[in-house]
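Colleague: The listed protein sequences derive, respectively, from chains A and B.
Per our numbering, residue 4 is the first one in the first sequence, and the count goes up by one each step.
Per our numbering, residue 4 is the first one in the second sequence, and the count goes up by one each step.
No residue lacks a Cβ here, since even glycine has one placed at the ideal position from N, Cα and C.
Remember, predicted model here, so these are calculated numbers, not experimental data.
There are 2 protein chains.
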Amino acid sequence: MFEKVTLIGIGLIGSSLAHVMKREGLAKLIAVSTRSVETLKRAEEIGLGNIYELDAGKAVKDADLVIVCTPVGACESIAKTISPHLKEGAIITDVGSVKASVIAQMKPSLPGNVHLVPGHPIAGTEYSGPDAGFASLFEKRWCILTPDEMTDKGATEKLKLFWEKCGSEVEIMDAHHHDLVLAITSHLPHLIAYNIVGTADDLETDTRSEVIKFSASGFRDFTRIAASDPTMWRDVFIHNKEAVLETLGRFSEDLSSLQKAIRRGDGEHLFELFSRTRDIRKSIIEIGQDVEAPNFGRDDGEE
Amino acid sequence: MFEKVTLIGIGLIGSSLAHVMKREGLAKLIAVSTRSVETLKRAEEIGLGNIYELDAGKAVKDADLVIVCTPVGACESIAKTISPHLKEGAIITDVGSVKASVIAQMKPSLPGNVHLVPGHPIAGTEYSGPDAGFASLFEKRWCILTPDEMTDKGATEKLKLFWEKCGSEVEIMDAHHHDLVLAITSHLPHLIAYNIVGTADDLETDTRSEVIKFSASGFRDFTRIAASDPTMWRDVFIHNKEAVLETLGRFSEDLSSLQKAIRRGDGEHLFELFSRTRDIRKSIIEIGQDVEAPNFGRDDGEE
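Structure follows, in structure tokens:
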């Protein structure tokens, strides 16, 4: 599909892309670039690519497709580094969880003869690094592309086909709308999970070890999300500030009214909310975005 | 182990107890009692017991062990109903997520010649009702008993052995301490999950369907918890008000400081918190309270 694809950043998403590109034969050559000597060495040991470069500028030479797989805060400096070395007509994309900021960071530096088509695969796990990747990560998961009206239709089509070959279903969306939807479905849940695990971490030693011991009562679900990559998530919150603060505001208002209901012993208010929320779960299972098995099926085969 | 065990309430926990008692031969007779005609009929269809009674008073006749498996708000009225019919020396226990309130509700009504040993198995799924139960629910899960200094040691020992035969590890704890620890590990996580799913449910129709569609980015984890039984959880919050409001207060303070960090673009603050929370996840996996597999292993065999 492509002569040469360059992956800049080789964490969970980058390494998963390397695996699936190899399995599906999507690139003749895969160039891997990362700033860290150790990570690059590890990528080579695993055999994720054909070319390994610390210098992103060298890595993108002759590439038809460049995929930036770093935390979103690195996009501006990467755009500046690679711009002078890009091949005419190359497609530049990324995998970041925030889209408007990526466009603002990259577009001004990129030359006019390449195609920026920002992207976001809605896929991941709580693990990170080049060893965390696997070929089926994107299977049946959404990938959102956020080109603007100026973006070359052919480039968008080609990138769409690429993600479909990686196993994804592709949706085209406005960048700002993406950032708002993801603030609710992803950024706020991560923020809340980090916060509650942080609150528990601040407890006195004795109580904290009890929290860990009895975590199966609900808390453990939050710790999985709160084990996600710190650098990636720091950048998400900094770069989607507005939408995150807006959704956090709504969440806090609702929490205040829930707090009031508890304080007043208003069982009806609680029951009404707790009944409503069940329907959303049903919808998610119906469209195949989660498993029906109790406790996500994690405890054992019988559950 | 017991001649006759009476289960009052036959939802997820009650029906799971019926299954495991049968498998392990823990009772010669199992009496099932519930206020709902339909639920009782369903329990009989599944064959969960030997005796089926709408009247809890009749059901506890001659029972050596009575296990109250209803939402915690029903304990006071159940204690009043069963008190005149209890056998001398019977052990009375429950499975509620709140312990001090259960003691306050039941103790005054129970006769002096029976043994109240409150209990809480830390086990469950997001499903409820007599069809949701299964024999292995309690396996390798904690069960906390909260007797006081007056409680008969023999009765506590016998109930401990019972839970161990159900597969649980048993911990003895003070009732108020239990309520505080569970407020953090269970009640607050449920409250937060209900709240965030409620916030999403309030969105305009279009955005809401996008939230469901892209829920795999984090949100879906919360919807599982927020699909838990509404009646049970209404009662938990009403009956553990003080501890829940206390932990909610800490959570809200921490969330405000996180909000401030995002507003100010304070990446260091965010990174520090997001790094700290990873360690708690590691501890939980180390002690076997959750699986190590990415995404709880739910997506497919390969993940």
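1) By how many angstroms is the C-alpha of residue 117 of chain B removed from the C-alpha of residue 186 of chain B?
2) Can residue 181 of chain A and residue 102 of chain A be called in contact, C-beta distance under 8 Å?
3) May I ask which residues mark the beginning and end of the beta strand (DSSP E) holding residue 7 of chain B?
4) Whole angstroms is fine: what's the gap from residue 184 of chain B's alpha carbon to residue 210 of chain A's?
5) Please check if any C-beta of chain B sits within less than 8 Å of the C-beta of residue 189 of chain A.
6) Does the separation of the CB atoms of residue 158 of chain A and residue 141 of chain A fall below 8 Å?
7) Please check if any C-beta of chain C sits within less than 8 Å of the C-beta of residue 177 of chain B.
8) Per the contact definition of three or more C-beta pairs closer than 8 Å, is the region 4–19 of chain B in contact with the region 55–72 of chain B?
9) Run through DSSP, which three-state label would residue 130 of chain B get?
10) Only counting the same chain, and skipping five residues up and downstream in sequence, which positions put a Cβ closer than 7 Å to that of residue 6 of chain A?
11) Taking 8 Å as the cut-off, does the region 259–275 of chain A touch the region 194–201 of chain A (at least 3 CB pairs, one atom from each stretch)?
12) Quick one: list the residues of chain A neighbouring residue 130 of chain B, beta-carbon separation under 8 Å, in chain order.
13) Exposed or buried, what is residue 94 of chain A when buried is set at 16 or more other beta-carbons lying within 10 Å of its beta-carbon?
14) Please identify, using Cβ separations under 7 Å, the residues of the region 271–285 of chain A that lie next to chain B, in order along the chain.
15) Taking a Cβ distance cut-off of 9 Å, strictly less, list which residues of the region 187–211 of chain B are near chain A, in chain order.
16) What residues in the region 92–116 of chain B bring their beta carbon closer than 9 Å to a beta carbon of chain A?
17) Any contact of the region 216–234 of chain B with the region 275–294 of chain A, i.e. 3+ C-beta pairs under 8 Å?
18) Where residue 47 of chain B and residue 97 of chain A are concerned, what is the direct C-alpha to C-alpha distance, given to the nearest angstrom?
19) Are the C-beta atoms of residue 7 of chain A and some chain B residue less than 8 Å apart?
20) Would you verify that the beta carbon of residue 228 of chain A is, or is not, closer than 8 Å to some beta carbon of chain B?
21) Would you mind reading off the limits of the beta strand (DSSP E) that contains residue 31 of chain B?
22) Roughly how many angstroms lie between the CA atoms of residue 238 of chain B and residue 75 of chain B, to the nearest whole one?
23) Could you name the residues of the same chain whose beta carbon sits closer than 6 Å to that of residue 294 of chain B, not counting the 5 residues immediately before and after it, in chain order?
24) Can you give me the start and stop residues for the alpha helix (DSSP H) that residue 242 of chain A sits inside?
25) DSSP has residue 120 of chain A in a bridge; who is on the other side?
26) Can you find at least 3 beta carbon pairs, one from the region 171–179 of chain A and one from the region 141–152 of chain B, that sit closer than 8 Å?
27) I'd like to check one pair, residue 121 of chain A with residue 221 of chain B: are the Cβ atoms closer than 8 Å?
28) Any beta carbon of chain B sitting closer than 8 Å to that of residue 300 of chain A?
29) Output, in chain order, the set of chain B residues within a Cβ distance shorter than 9 Å of residue 257 of chain A.
30) Return helix, strand or coil for residue 78 of chain A, following the three-state DSSP convention.
31) Of all the residues that make up the region 143–177 of chain B, which are near chain A by a beta-carbon distance shorter than 7 Å?
32) Nearest to residue 261 of chain B by alpha carbon, out of A:195, A:205, A:245?
33) Going by DSSP, which residues form a beta bridge with residue 172 of chain A?
34) Does the beta carbon of residue 247 of chain A come closer than 8 Å to any beta carbon on chain B?
Modeller: Well, looking at it:
1) The residue labelled residue 186 of chain B in the question sits at position 183 within the second sequence. The residue labelled residue 117 of chain B in the question sits at position 114 within the second sequence. Taking the straight line joining both Cα atoms gives about 29 Å.
2) Looking up residue 181 of chain A in the first sequence gives position 178. Looking up residue 102 of chain A in the first sequence gives position 99. Going by C-beta atoms, residue 181 of chain A is nearer than 8 Å to residue 102 of chain A.
3) As a first step, residue 7 of chain B is located in the second sequence; it is residue number 4 there, counting from the start. Note, residue 7 of chain B: beta strand (DSSP E), 5–11.
4) As a position in the second sequence, residue 184 of chain B is number 181, starting the count at 1. As a position in the first sequence, residue 210 of chain A is number 207, starting the count at 1. Each residue's alpha carbon lies about 7 Å from the other.
5) As a position in the first sequence, residue 189 of chain A is number 186, starting the count at 1. Yes, residue 189 of chain A counts as interfacial toward chain B.
6) As a working mapping, residue 158 of chain A is identified with position 155 in the first sequence. As a working mapping, residue 141 of chain A is identified with position 138 in the first sequence. No, Cβ-Cβ distance for residue 158 of chain A and residue 141 of chain A is not below 8 Å.
7) The chain labelled as chain C is not found among the protein chains of the depicted structure, namely A and B.
8) yes
9) By one-based count along the second sequence, residue 130 of chain B stands at place 127. Correct three-state label for residue 130 of chain B: coil.
10) Along the first sequence, one-based indexing puts residue 6 of chain A at 3. Correct list, in chain order: 31, 32, 67.
11) no
12) Within the second sequence, residue 130 of chain B is the residue found at index 127, counting from 1. Chain A residues near residue 130 of chain B: 297.
13) Locating residue 94 of chain A in the first sequence gives position 91, counting from the first residue. Flag for residue 94 of chain A reads buried.
14) Residues passing the 7 Å Cβ filter: 273, 274, 276, 277, 278, 279, 280, 281, 283, 284.
15) 187, 188, 189, 190, 191, 192, 193, 194, 195, 196, 197, 198, 199, 200, 201, 202, 203, 204, 205, 206, 210, 211
16) 100
17) yes
18) To locate residue 47 of chain B, count along the second sequence from 1; it is residue 44. To locate residue 97 of chain A, count along the first sequence from 1; it is residue 94. The alpha-carbon atoms of residue 47 of chain B and residue 97 of chain A are separated by roughly 58 Å.
19) Translated into the one-based positions of the first sequence, residue 7 of chain A becomes position 4. Output row for residue 7 of chain A: interface = no.
20) Position 225 of the first sequence, counted from the first residue, corresponds to residue 228 of chain A. The beta carbon of residue 228 of chain A falls within 8 Å of a beta carbon belonging to chain B, placing the residue at that interface.
21) Here residue 31 of chain B refers to the residue found at position 28 when the second sequence is read from its first residue. Residues 30–36.
22) As a working note, residue 238 of chain B is residue 235 in the second sequence. As a working note, residue 75 of chain B is residue 72 in the second sequence. The C-alpha of residue 238 of chain B lies about 6 Å from the C-alpha of residue 75 of chain B.
23) Taking the second sequence and counting its residues from 1, the one referred to as residue 294 of chain B is at position 291. Same-chain partners within the cutoff: 300.
24) Here residue 242 of chain A refers to the residue found at position 239 when the first sequence is read from its first residue. Its alpha helix (DSSP H) spans residues 233–242.
25) Numbered from 1 along the first sequence, position 117 holds the residue referred to as residue 120 of chain A. Paired residues: none, contrary to the question.
26) no
27) Indexing the second sequence from 1 puts residue 221 of chain B at position 218. Indexing the first sequence from 1 puts residue 121 of chain A at position 118. No.
28) Translated into positions along the first sequence, residue 300 of chain A becomes position 297. True, the Cβ-Cβ gap to chain B drops below 8 Å.
29) As a first step, residue 257 of chain A must be located in the first sequence, where it is residue number 254. Correct list: 198, 199, 201, 202, 205.
30) On the first sequence, residue 78 of chain A is found 75 positions in, with the first residue counted as 1. Helix.
31) Answer in chain order: 144, 145.
32) Position 258 of the second sequence, counting from 1, holds the residue named residue 261 of chain B. Here the closest residue by C-alpha is A:195.
33) Along the first sequence, read from residue 1 onward, the residue named residue 172 of chain A stands at position 169. Looking at the DSSP assignment, residue 172 of chain A forms a beta bridge with A:145.
34) As a first step, residue 247 of chain A must be located in the first sequence, where it is residue number 244. It does: the Cβ of residue 247 of chain A has a partner Cβ on chain B nearer than 8 Å.
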